[in-house]
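A.B. asks: According to the numbering used here, the first sequence holds residues 5 to 227 in order.
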Amino acid sequence: MDSLAELLRASLWTRSLTRAQLDRVEAETVVRDFPAGAYVCRKGEPVEHWIGVVDGLVKMTSVNSQGKTTTFTGVTSGGWFGEGSLLKDPTRRYDIEALRSSRMALMPRATFQWLLDTDIGFNRFLLMQLNERLSQFIAMVEYERLLGPDARVARSLAALFNPLLYPEQATHVQISQEEVGYLSGVSRQRVNQALQVLEKAGLLKVDYGRIRIVDLAGLRAFG
DNA sequence: TCATTAAATTGTT
DNA sequence: AACAATTTAATGA
Numbered sequence: 005m006d007s008l009a010e011l012l013r014a015s016l017w018t019r020s021l022t023r024a025q026l027d028r029v030e031a032e033t034v035v036r037d038f039p040a041g042a043y044v045c046r047k048g049e050p051v052e053h054w055i056g057v058v059d060g061l062v063k064m065t066s067v068n069s070q071g072k073t074t075t076f077t078g079v080t081s082g083g084w085f086g087e088g089s090l091l092k093d094p095t096r097r098y099d100i101e102a103l104r105s106s107r108m109a110l111m112p113r114a115t116f117q118w119l120l121d122t123d124i125g126f127n128r129f130l131l132m133q134l135n136e137r138l139s140q141f142i143a144m145v146e147y148e149r150l151l152g153p154d155a156r157v158a159r160s161l162a163a164l165f166n167p168l169l170y171p172e173q174a175t176h177v178q179i180s181q182e183e184v185g186y187l188s189g190v191s192r193q194r195v196n197q198a199l200q201v202l203e204k205a206g207l208l209k210v211d212y213g214r215i216r217i218v219d220l221a222g223l224r225a226f227g
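(1) Alpha carbon to alpha carbon, how far is Trp84 from Gln133? Give it in angstroms, no decimals.
(2) At the level of alpha carbons, what is the spacing between Pro167 and Gln25?
(3) Would Tyr43 and Glu101 be called neighbours here (beta carbons separated by less than 7 Å)?
(4) Say whether the segment 105-124 touches the segment 55-65, bearing in mind that this needs 3 or more beta-carbon pairs closer than 8 Å, one atom from each stretch.
(5) Closest by CA to Thr33, which one among Val177, Ser7 and Thr80?
(6) Val101 bridges to which residues according to DSSP?
(7) Identify, in the order they occur along the chain, each residue of the same chain with its Cβ nearer than 6 Å to the Cβ of Met144, setting aside the five sequence neighbours on each side.
(8) Within the chosen definition, does the segment 91-100 reach the segment 179-187 through at least 3 CB pairs nearer than 8 Å?
(9) Just mark Val67 as buried or exposed, buried being the case when its beta carbon has 16 or more other beta carbons within 10 Å.
(10) On the three-state DSSP scale, how would you describe Gly56?
(11) Taking the continuous beta strand (DSSP E) assigned at Gly78, which residues delimit it?
(12) What is the DSSP secondary structure of Ile179, reduced to helix, strand or coil?
(13) Suppose the cutoff is 7 Å on Cβ atoms and the five residues either side in sequence are ignored; what does the same chain contact list for Phe129 look like?
(14) What is the residue span of the beta strand (DSSP E) that Asp37 lies within?
(15) Tell me the rounded alpha-carbon separation between Phe76 and Lys63.
(16) DSSP puts Asp154 in a beta bridge; with which residues?
(17) Taking only the alpha-carbon atoms, compute the straight-line gap between Arg107 and Cys45 and give it to the nearest angstrom.
(18) Which of the three DSSP states is assigned to Leu21 in this structure?
(19) Would DSSP call Leu110 helix, strand or coil?
(20) Here's a check: name, in chain order, each residue in its chain whose Cβ is nearer than 8 Å to the Cβ of Pro39, leaving out the five neighbours to either side.
Written out as structure tokens, the structure reads:
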């Protein structure tokens, strides 16, 4: 996707909006490009926007007191995030870092609040998204305890293609194996092995700096 | 457009 | 964690 209009067209929560509502959203939302490695927002900053990914890939991370970083989840093109902070926190609780050059859509708090106050469909979408994320995190804890590294990598990748959170029908993701490791809690070396296993199983194809998905259902069910 | 070089990523130990 | 090999991106002729 290139433009805000395309992102809005692909987003599930715009389906219940009237043309006038959509125009207002489009007028008030700004687009900004971030280079790879840049922070889209930092922990502790005031929460001013609900943020969508027009094109790119960002990760949600947190740094502990000893300087160690953990990656919680990735957000790909078509996804929106930050509603949790917008609804309940004065400041951001996580860092958001671009994993590659990314184009982001920033919806002002006032616009978000207006949708929340006026549109039932928007509220339903937020419930769905919050529920989907919760399922994702619960599943991650479960997998961490029950599944081996190959399956963990498989499901972390599959999560990046959740059709409810990222409705565009993407066939690949531009991400290094090192970052896949951070997402799935596995060393880069082990990710490399896992990807070879998954490729041999016909579930995906490994390219330089990119992973192509061949069998999404198979990835989800692996292990 | 092509060749060279630097940087990033991968595959292996 | 370290290393060599490979691929891409950037640079300039």
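Backbone N, C-alpha and C define an ideal beta-carbon position, used for all residues, glycine too.
C.D. replies: Taking the definition as stated:
(1) 9 Å
(2) 24 Å
(3) yes
(4) yes
(5) Ser7
(6) This sequence places Glu at residue 101; Val is not what is there. According to DSSP, Glu101 bridges with Tyr43 and Lys63.
(7) none
(8) no
(9) exposed
(10) strand
(11) Thr73 to Thr80
(12) coil
(13) Leu16 and Trp17
(14) Val34 to Phe38
(15) 7 Å
(16) According to DSSP, Asp154 bridges with nothing at all.
(17) 13 Å
(18) coil
(19) strand
(20) Ala102 and Ser105
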